[in-house]
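Residue 28 is where the sequence shown starts when you use the numbering used here, and the numbers rise one by one after that.
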Amino acid sequence: MSEMTQTAAKPRIERAATASRTYTIFVIIGLAALILAPMFFYPIFLMKLLCFALFACAFNLLLGYTGLLSFGHATFFGGAAYFTAHAVKEWGFPPELGILTGVVGAALLGLIMGFFAIRRQGIYFAMITLALSQMFFFFCLQAEFTQGEDGIQSVPRGHLFGFIDLNSSTNMYYFVLGVFLIGMVIIWRFINSPFGMILRSIRENEPRAISLGYSVARYKLGAFVMSAALAGLAGGLKSLVFQFATLTDVAWQMSGEVILMTLLGGIGTLIGPIFGAGLVVTLQNYLATSQFPVTIVTGVIFMVCVLVFRRGIIGEFYASRLGRKLGFEHRR
28 MSEMTQTAAK
38 PRIERAATAS
48 RTYTIFVIIG
58 LAALILAPMF
68 FYPIFLMKLL
78 CFALFACAFN
88 LLLGYTGLLS
98 FGHATFFGGA
108 AYFTAHAVKE
118 WGFPPELGIL
128 TGVVGAALLG
138 LIMGFFAIRR
148 QGIYFAMITL
158 ALSQMFFFFC
168 LQAEFTQGED
178 GIQSVPRGHL
188 FGFIDLNSST
198 NMYYFVLGVF
208 LIGMVIIWRF
218 INSPFGMILR
228 SIRENEPRAI
238 SLGYSVARYK
248 LGAFVMSAAL
258 AGLAGGLKSL
268 VFQFATLTDV
278 AWQMSGEVIL
288 MTLLGGIGTL
298 IGPIFGAGLV
308 VTLQNYLATS
318 QFPVTIVTGV
328 IFMVCVLVFR
338 RGIIGEFYAS
348 RLGRKLGFEH
358 RR
């Protein structure tokens, strides 16, 4: 009986080993590409891509792994952008403390919004997050520290740890890359922890999780706050990269944009939102100076993905024969 069990488990162990080797190779290639990228691409474009990739991954933490669709994540992204910009420009905070201020502010906003939103499910949850997000938008429009429609302009990048000049595009890029990698490690650790496993069980069968004795509301709130804090990390970085924070960052269109990025790449996958963010940001960047309307092109691509790639581009690759052979579906 023991030999039969070992024989049955052998293919599973081999698939897991193949998946680990494949992931290690892809991570090494990805890191090498990111390190060398400033030699071939405009640093500001790369930094924008990394900021929105982190934003999309933070949103996917809530949608892909907890099953909660939020229409208000621009609140955390834009709110942190405002908090960071104000702290750095008006209070004279160094960039690392300015970003930390944005993250803490976004987490507090997530705690408040999540406290009310998690009391409902499905479309009601989404509508509550949208309503609260619009309230915050109008607050930012009227608040004195946000400077209304003008936004906070000319935000100084400052010196990281007091001696690394972030006014250099190269230094700023590698700082953004470092923060992005830290954020991704946090997300990976979060979804592979016991807490993350419980979130997946809530996504798959919430009544079952309740019957097992888990406090579902607390786990949902924890996931919401974590997602908000990571979205705030992306927003704070963005305000330093572009040196401004405006109402665009907290508008409902920003929430729709991050949903689009996540769906295009593939919800419930670690690198899917990164791919989706890269696709959307690239289209925005290279079509901005052309006669093609960016929104229409993006919409057409989204329609094609919905019709052809139901799981998103990366999700479909994971489920393909090649993806299964490489072990991606096993590690999803």
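Glycine included, C-beta positions come from ideal geometry on N, C-alpha and C.
Source: prediction; values computed, not measured.
{"Query": "Check the DSSP bridge columns for L187 and list the partner residues they point to.", "Result": "I191"}
{"Query": "Taking the C-alpha atoms as reference points, what is the distance between L297 and Q161?", "Result": "29 Å"}
{"Query": "Exposed or buried, which one is A35 when buried takes at least 16 other CB atoms within 10 Å?", "Result": "Confidence in A35 is poor, its pLDDT being 46 and thus under 50, which makes the residue's placement unreliable; the coordinate value appears in the next sentence. With fewer than 16 other Cβ atoms within 10 Å, it is exposed."}
{"Query": "In or out: F188 buried (at least 16 other Cβ within 10 Å) or exposed?", "Result": "exposed"}
{"Query": "Can you give the beta carbon distance from F104 to G262, rounded, assuming they're within the 8 Å contact cut?", "Result": "4 Å"}
{"Query": "Given L73, which residues of its chain have a CB within under 7 Å of its CB, disregarding the five upstream and five downstream residues?", "Result": "A64, P65, Y200"}
{"Query": "Starting from the N-terminal side, write out each stretch of the alpha helix (DSSP H) that is 4 residues or longer and does not extend beyond the stretch 114-169.", "Result": "122-144, 149-169"}
{"Query": "Measuring alpha carbon to alpha carbon, tell me which residue in P121, M140, A244 is nearest I8.", "Result": "No answer is possible for residue 8: it lies beyond the span of the chain, which begins at 28 and ends at 359."}
{"Query": "In its own chain, which residues sit with a C-beta less than 6 Å from the C-beta of R351, not counting the 5 before and 5 after it?", "Result": "none"}
{"Query": "Between which two residues does the alpha helix (DSSP H) containing E171 stretch?", "Result": "Per DSSP, E171 belongs to no alpha helix (DSSP H) and is neither H nor E."}
{"Query": "So if DSSP puts I328 in a beta bridge, which residue, or which two residues, is it bridged to?", "Result": "Per DSSP, none; premise fails for I328."}
{"Query": "Could you tell me if A59 is buried or exposed, where buried requires 16 or more neighbouring beta carbons within 10 angstroms of its beta carbon?", "Result": "exposed"}
{"Query": "Tell me the DSSP secondary structure of I298 in three-state form.", "Result": "coil"}
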